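Number of protein chains: 2
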Amino acid sequence: MMNEPTHTVTRYDQELERLRGIVARMGGLVERQTAQAIAAVVDQNEEAAREPPRLDAEVDMLEREAEQLAIRILALRAPMAVDLRQIVAVLKMSGDLERIGDYASSIARRALKVEQLEGALSFSALRAMGRLVQENLHKAVEAMVENDATRAKEVWNADTEVDEIYTSMFRELVTYMMEDPRNIGPCIHLLFMAKNLERIGDHATNIAERIYYAVTGDMLPAERPRGGDAAKIIPG
Amino acid sequence: MMNEPTHTVTRYDQELERLRGIVARMGGLVERQTAQAIAAVVDQNEEAAREPPRLDAEVDMLEREAEQLAIRILALRAPMAVDLRQIVAVLKMSGDLERIGDYASSIARRALKVEQLEGALSFSALRAMGRLVQENLHKAVEAMVENDATRAKEVWNADTEVDEIYTSMFRELVTYMMEDPRNIGPCIHLLFMAKNLERIGDHATNIAERIYYAVTGDMLPAERPRGGDAAKIIPG
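Note that the protein sequences, when read in sequence, are chains A and B.
Just so we're aligned, residue 1 is where the first sequence starts under UniProt numbering, counting upward by one.
Just so we're aligned, residue 1 is where the second sequence starts under UniProt numbering, counting upward by one.
Structure below.
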């Protein structure tokens with residue numbers, strides 16, 4: 001790029017900036033989807049329940065836009081080193097973000113089917129788990145927008161706590177189901193919602209791993225710290 | 001590339017070939033993981049249950065290898081048009097394949113916790129669903145290796161049937177849980193296993209969509225045909 005006139009370099013920078021802007025917008029949208037999905041459940045808010053699926057189309061569109069712009073930049077600018085690593089990271093992260101949106105929509109679609117257990121502890125567990133996952137997702141999106149490896153590593157470490165709440169919530173739900181068959185329906189929804197939240201946390205962790213690699217060139221260890229295994233506590 | 005000496009073009013082709021080889025190997029591995037996971041459940045085969053988690057490390061390694069080789073090709077060869085679109089598709093598909101491996105491992109880890117229901121219909125439903133998902137996954141991997149848009153579209157259409165079996169299996173499992181609380185534990189495992197299989201089918205569909213786009217330059221419609229909605233049949 002050294003011999004090219006300045007305006008080309010500037011346009012290249014603008015394109016990279018636009019690409020980052022697209023994933024930042026995706027990040028903001030899936031954060032909103034996640035927040036609304038949780039509000040839909042714990043506040044039994046119908047309006048909140050409608051929003052995540054509604055936003056899905058926009059997230060999908062942005063993912064395609066990011067991909068096409070990335071291809072364009074790769075074709076026309078032949079970026080090197082850090083830029084190239086970041087473009088590849090963006091391509092991968094947009095996939096994670098799209099999945100997060102899917103999980104949030106899936107939670108929202110179940111949200112209004114669980115009113116029976118409204119008084120139960122599971123709602124506060126879901127709220128706590130939701131808060132943590134949202135926090136992690138927010139940090140992951142920030143780390144992504146600011147190329148912040150330190151923050152990325154924080155997200156990567158914090159997911160343990162999500163696992164722990166998930167495991168204890170799982171235990172509680174299984175107990176409810178055993179106690180009264182009328183709880184089975186709503187509990188299945190809650191189990192899947194908790195699972196979806198846990199997956200959102202996983203994808204936030206994936207994003208954190210990719211940012212860490214894109215910024216530092218080093219990989220975080222393949223195995224991240226984990227907190228509990230819900231599958232182990234189901235009665236056999 | 002027209003003015004470059006032949007040996008460079010050849011090396012470039014070799015690198016692209018190597019990249020395709022890596023995802024083809026990933027495809028083969030996750031097919032094997034899926035097959036073993038299903039065998040682990042329906043035949044209650046301990047050895048089969050150990051294999052999918054064991055292969056995970058290899059799949060992860062191949063994903064990283066694919067990413068690094070893709071970056072290398074992008075940096076050194078500045079590929080254009082179809083090649084470029086295919087490299088981007090490979091980057092995205094390796095993520096789908098890695099996820100499929102995760103889901104298969106998750107099924108395998110639950111496989112030996114469900115013996116109580118061995119005589120129940122759910123096992124044959126899981127077997128049928130497993131067979132279909134494997135078939136679709138195999139076709140998706142073939143389409144990927146051979147850049148076959150027609151086959152890709154077949155996969156994309158066939159996922160409806162997976163949804164249908166999933167929905168009816170879901171209904172059956174909920175009934176078992178209602179009938180006898182002792183069924184709750186194993187049924188939860190089966191619900192999650194069925195869900196994981198359904199997700200594997202989804203990722204096979206994603207792969208098909210990407211191949212179709214990489215080969216033709218056209219996108220398949222955002223909404224694929226669907227068969228039933230399991231969430232709707234849970235008693236409220």
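Cβ atoms here follow ideal geometry from the backbone N, Cα and C, with glycine treated the same way.
Note that this is a predicted model, so its numbers are computed, not measured.
Where the alpha helix (DSSP H) containing Gly217/A begins and where it ends | Gly217/A -> no alpha helix (DSSP H), and no H or E assigned at all.
Which of helix, strand or coil does DSSP assign to Val114/A?
-> Val114/A falls in the coil class under three-state DSSP.
Relative to the C-alpha of Glu65/B, which residue among Asp148/B, Ala37/B, Leu91/B, Gln36/B is closest?
-> The shortest Cα separation from Glu65/B among Asp148/B, Ala37/B, Leu91/B, Gln36/B belongs to Leu91/B.
Skipping 5 residues on each side, what residues in its chain have a beta carbon closer than 6 Å to that of Asp56/A?
-> Counting only residues of its own chain and dropping the five nearest sequence neighbours on each side, Asp56/A has a CB closer than 6 Å to the CB of Gly101, Ser105.
At a Cβ cut of 9 Å, what residues of the region 65-79 of chain A count as close to chain B, listed as they run along the chain?
-> Residues Glu67, Ala70, Ile71, Leu74, Ala75, Ala78, Pro79.
In chain order, each alpha helix (DSSP H) run of at least 4 residues that lies wholly inside the region 64-144 of chain A | Every alpha helix (DSSP H) of 4 residues or more that sits fully in the region 64-144 of chain A is shown, in chain order, as 81-110.
Reduced DSSP secondary structure (H/G/I, E/B, other) of Asn147/A | Coil, per DSSP.
With 7 Å as the C-beta to C-beta threshold (strictly closer), list the residues of the region 85-103 of chain A near chain B in chain order.
-> Here the close residues are Arg85, Val88, Leu91, Lys92, Gly95.
Does the distance from the C-beta atom of Ile107/A to that of Met193/A stay below 7 Å?
-> Result yes, Cβ atoms of Ile107/A and Met193/A sit closer than 7 Å.
Give a yes or no on whether the C-beta atoms belonging to Leu197/B and Leu173/B are separated by under 7 Å.
-> The answer is no: Cβ separation not under 7 Å.
Who are the near neighbours of Ala149/B in its chain, counting only those whose CB is closer than 6 Å to its CB and skipping five residues on each side?
-> Sequence-distant partners of Ala149/B (beyond 5 residues in either direction) whose C-beta falls short of 6 Å from its own C-beta, in its chain, are Tyr212, Val215, Thr216.
State yes or no: is the C-beta of Ala140/B within less than 7 Å of the C-beta of Ile207/B?
-> Using a Cβ distance threshold of 7 Å, Ala140/B and Ile207/B count as a contacting pair.
Write down the C-beta distance between Glu46/A and Leu112/A rounded to the nearest angstrom, noting that I regard them as a contact closer than 8 Å.
-> Right, the Cβ-Cβ distance comes to about 6 Å (below 8 Å), so this counts as a contact.
Pick from Arg77/B, Asp180/B, Ile165/B, Pro221/B that is closest to Gly201/B, judged by C-alpha positions | If we check each option's Cα against that of Gly201/B, Ile165/B comes out closest.
Closest Cα partner of Met169/A within the set Ser124/A, Asn147/A, Asp13/A | Nearest option by C-alpha distance: Ser124/A.
DSSP three-state assignment for Pro221/A, whether helix, strand or coil | Looking at Pro221/A - three-state DSSP - the assignment turns out to be coil, as it is neither helix nor strand.
Whole alpha helix (DSSP H) elements within the region 156-217 of chain A, 4-residue minimum | List check, alpha helix (DSSP H) in window: 184-216.
Would you call the region 74-92 of chain A and the region 25-37 of chain A in contact, with 3 or more CB pairs under 8 Å?
-> Not touching, per the Cβ criterion.
Taking Glu131/B and Ala143/B to be in contact with their CB atoms under 8 Å, please state how far apart those CB atoms are, rounded to whole angstroms.
-> Reading off the sequence shown, one finds Arg at residue 131/B, where the question assumed Glu. That pair is no contact at about 19 Å.
Backbone CA spacing between Met2/B and Glu161/A [nearest angstrom] = At Met2/B, the pLDDT of 49 sits below 50, so the modelled position is not reliable and the matter cannot be decided from this model.
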